[in-house]
Amino acid sequence: MTNTETPPIEGPAAGRKGRPQLAIFLLIMGVILAPLTTVAIFAKNQITDTDRYVETVSPLASDPAIQEAVGTFVVDQLFAAVDVEELAAEALPKKAQFLAAPLAAGVQNLTKNVVDRFLASDEFAQLWDTANRAAHDRIVSALTGETPSGKKAITVDDGTVSLNLGPVIEKVAQKLGADNLTIFEKIDLPVASTQFKILDAKNLGVARAGVSFLETLAWILPLFMILCFVGSALLARDRRRATIRAGVAVAMTAGAILVILNIGRTLFVDLMIGNSLSVDAGTALYDTVLRFVKASLLAVGVIGLIVAISAWLTGPAGPAVRVRGALKSGISGLRDQAESSGWKPGPVAQYVTDHLKILRWAVISAAFVLLLLVGRTSVGSVLLLVVLALIALGVLEFMGRATSRKDPSDEKSEKTPETSSN
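Going by this note's numbering, the sequence shown wraps up at 675, each residue one higher than the last.
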């Protein structure tokens, strides 16, 4: 009885057979690393850089929900330090004691109006930026576990992050004194009474570990991501299709993370905001702090779609062929018009012709390097770089094909032997 078992594949054939699986694995790794790279760069540049942190949280000073929360906190602390009703009762005669409560309510309304005007002013916006700049070390401490240097305006205690609004309260007291309401000018609030809770999370250590880890990998992840995508494309049997799949997968992954971040807003408000913040204020804090990372993820999705569309345009599909033909015809028309106007290809055009393929890849590579160097990637920056790259590629095509057509004298010399032979 003959043995019909197929012998195992060994040697180079076995290696070639395993290449598609390895290409798929690298593609999956690249797709996972792409959004992680975006978040890691955000963690490093947006959170641990003071200037970018202040720029990130600066819009909160003009957010109505944050202003309402801060205003309520300031008024509550002023009236907790000064018993306005008791002072009114002491100043009124016995027969007018019943006016103490209405007077206190009137003072509270006046105080709230003064606070609201101050919070809507540029002075408060500047004070907010100054306080957050001074507080940045403690924010980093909350998210990375590092020990801050010096006394700052943020305190972190048992997962609670509080902003010191003492300077804001002092400014409001001065504004009230200018309106002849001097009862708050000499108050001496304890530090604990000026702490405006921003975050109140028992599991802040988890977020701290995650941010610290991503910050460490901020420079490693982009390199691994690029290597994974390049390796996947090189090992794939059909590199064009592999590139299309990679682009679409990156776009879908970025979109999925954006959806998760939107869903996570509710979880953040429930678990992370402090007692001083309302739901609206917590939502404003979440959306404002993450607006740049959302923009970066959206840009990553756009990049993925651009890569997929670019790879598709190089393929044999009918619409892609027609698009390429239209572009070539347009460039040829421009070239004909230039030559009819007296333009003649020179040494530069000849150099471009001889190195056209290398120059194309140089332009594409430069565009991707610029994307990586941009500290805050957005859809606008991506589209701008794409437009500039397309213009550069168009110029290369214009110059590179200018000398590719044969000179009429060359064509005449080629036809001469045929004529003589006839």
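Backbone N, C-alpha and C fix where the C-beta goes; we use that ideal spot for every residue, glycine too.
These figures come from a predicted structure and were not determined experimentally.
DSSP, reduced to helix, strand and coil, places residue 623 within a helical segment of the structure shown.
Exclusion of the five residues before and after residue 631 leaves 548 and 552 as the residues of its chain whose Cβ lies within less than 6 Å of its Cβ.
Distance from the CA atom of residue 545 to the CA atom of residue 345, rounded to whole angstroms, is 56 Å. When secondary structure is reduced to three states using DSSP, residue 433 falls in the coil class, being assigned neither helix nor strand. Ranking 363, 416, 369 and 364 by CA distance to the CA of residue 386 puts 416 first. Your pair residue 284 and residue 503 checks out as a contact, with CB atoms roughly 6 Å apart and the cut at 8 Å.
In the same chain as residue 356, and ignoring 5 residues on each side of it, the C-beta atoms closer than 7 Å to its own belong to 341, in chain order. Distance between residue 581 and residue 378, taken at the CA atoms: about 55 Å.
Residue 584 sits close to residue 650, with the two beta carbons spaced by under 8 Å. The residue from 589, 564, 538 and 338 with its alpha-carbon nearest to that of residue 494 is 564.
Inter-segment contact for the segment 359–379 and the segment 319–337 is present: three or more beta-carbon pairs are separated by less than 8 Å. Per DSSP, residue 316 lies in no alpha helix (DSSP H) segment and is marked neither H nor E. With distances taken between CA atoms, residue 322 lies nearest to 450 out of 450, 473 and 311. In the displayed model, residue 450 falls within a strand according to three-state DSSP. For residue 345, there is no enclosing alpha helix (DSSP H), as DSSP gives it neither H nor E. Rounded to whole angstroms, the Cβ separation of residue 425 and residue 371 is 6 Å, and the two are in contact under 8 Å. Closest by C-alpha distance to residue 275, out of 373, 488, 289 and 380, is 488. Distance from the CA of residue 567 to the CA of residue 576, rounded to the nearest whole angstrom, comes to 10 Å. Around the beta carbon of residue 615, fewer than 16 other beta carbons sit within 10 angstroms, so the residue counts as exposed.
The shortest CA-to-CA distance from residue 539 to any of 555, 514 and 599 is the one to 514. Counting of Cβ neighbours within 10 angstroms places residue 319 among the buried residues, the total reaching 16 or more. In this structure, DSSP gives residue 428 a helical state, which the three-state scheme calls helix.
Here the alpha carbon of residue 638 sits roughly 32 Å from the alpha carbon of residue 593. Nearest to residue 500 by alpha-carbon distance, out of 292, 278, 287 and 422, is 287. Residue environment for residue 562: exposed (fewer than 16 other C-beta atoms within 10 angstroms of its C-beta). Here residue 375 is not near residue 311, since their CB atoms are 8 Å or more apart. Note on geometry: alpha-carbon atoms of residue 506 and residue 418 lie some 40 Å from one another. Straight across, the Cα-Cα distance linking residue 422 with residue 304 is about 25 Å.
Taking the CA atoms as reference points, residue 427 sits about 19 Å from residue 359. With respect to the 8 Å criterion, residue 279 and residue 481 are classified as neighbours on the basis of their beta carbons.
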